[in-house]
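The next block holds one structure in the form of structure tokens; read it before the comments.
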Amino acid sequence: MILGPLCVLHLKELNHQGSEDNPLSAFKKQFIPFSPMSCARHVYIFLKPQAFSFEPLLTYLRHHTEAVEFMADEKAYAFLLRWATGCESWKLKGNDHFVLGTIRKHWGDFVKENPTPAKTIEPLMAMLFEDASGIRRQIQEYEDGAISTNEALKSMCNNCASSRAHGLKPNYENLLQDNLAYFEAARMQYFDSRLKAATKSIKALNAKASDPILVPTQAKDMGVFKANITFCFEKMQITKAKESAAEPKRLLPQQSSY
2 MILGPLCVLH LKELNHQGSE DNPLSAFKKQ FIPFSPMSCA RHVYIFLKPQ AFSFEPLLTY
62 LRHHTEAVEF MADEKAYAFL LRWATGCESW KLKGNDHFVL GTIRKHWGDF VKENPTPAKT
122 IEPLMAMLFE DASGIRRQIQ EYEDGAISTN EALKSMCNNC ASSRAHGLKP NYENLLQDNL
182 AYFEAARMQY FDSRLKAATK SIKALNAKAS DPILVPTQAK DMGVFKANIT FCFEKMQITK
242 AKESAAEPKR LLPQQSSY
């Protein structure tokens with residue numbers, strides 16, 4: 002599918018004060034866009050209309066919202082992918098697992114309530130769900146609760162959008178392989194910070210202990226020490242992950258902040 006007609010209007014913290022007879026209300030009535038929104042984020046997805054000036058609408062929105070973005074084509078699809086995969090989340094540090102499911106639910110409701118407008122963007126939404134699901138499946142085995150996957154997600158989404166813009170079906174495994182460096186860099190940054198914290202703790206304990214733990218002072222010995230500490234942290238992370246997986250599931254689902 003060619004992304005040329007795709008348009009996305011993205012608003013943050015919309016101020017509803019004032020008359021409902023405004024450019025945004027007129028826009029929604031005329032085009033009936035798909036708008037899976039939350040209290041803090043408003044996203045309108047639609048195909049570019051002919052002979053319609055967006056400037057009055059954008060001028061109005063700049064005075065009634067914290068931020069407004071109007072995107073089209075590849076840029077719009079890249080944003081939708083980043084949003085759907087969770088890396089646009091503000092509250093969950095750019096890795097929200099629940100956004101995609103929430104958008105699917107809103108889409109199901111929109112199709113029932115507005116079947117005719119839904120048909121115009123149905124191929125696009127099917128492609129979005131396919132790509133977002135494919136990307137999330139690829140990154141899950143690399144995710145770590147203490148390691149941000151945000152940069153990798155962003156890059157994978159942007160690369161995927163570029164493929165779609167050129168009429169190509171993306172290979173999700175290749176998208177992951179091309180961005181593994183982000184995961185490795187984040188992992189090393191995390192372990193380096195934990196190593197510094199561990200070394201500080203060991204030195205504090207040594208001040209009180211009768212049998213101190215030796216912390217290397219030579220660079221050649223620090224490499225072995227770092228490898229041993231890193232192994233301990235990795236083992237701890239795996240143990241925690243297994244314990245978490247063994248816990249009974251919650252009866253109530255977590256809420257998305259999308």
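Okay, so the sequence shown: first residue is 2 according to this note's numbering, each after it adds one. Don't be surprised by glycine CBs; every beta carbon is placed ideally from N, CA and C. Keep in mind it's a predicted model, so treat the numbers as computed, not measured.
Per DSSP, the beta-bridge partners of Met72 are Val9. Beta-bridge analysis with DSSP links Phe35 to Ile46. A Cβ-Cβ distance of about 14 Å is found for the pair Leu7 and Ala85, leaving them out of contact under the 8 Å criterion. Each residue's CA atom was taken as its position, placing Cys158 and Gln139 some 12 Å apart. Counting every other CB atom within 10 Å of its CB across the protein chains shown gives Ala182 a total below 16, marking it as exposed. The three-state reading of DSSP puts Lys170 in coil, since its state is none of H, G, I, E or B. In the three-state DSSP reduction, Ala52 falls in the coil class, being neither helix nor strand. At a Cβ-Cβ threshold of 9 Å, Lys13 and Ala68 count as neighbours. Leu25 and Leu48 do not touch by the CB rule: their CB atoms are close to 18 Å apart, not below 8 Å. Three or more Cβ pairs closer than 8 Å define a contact, and the segment 126 to 140 meets that threshold against the segment 95 to 104. Phe35 and Lys197 have their C-alpha atoms roughly 49 Å apart. Contact between Ala166 and Leu4 is confirmed by a C-beta separation of about 5 Å, below the 8 Å threshold. Per DSSP, the unbroken alpha helix (DSSP H) holding Glu114 starts and ends at Val100 to Glu114. Cβ-Cβ separation between Leu81 and Cys161: approximately 11 Å, too far for a contact (criterion under 8 Å).
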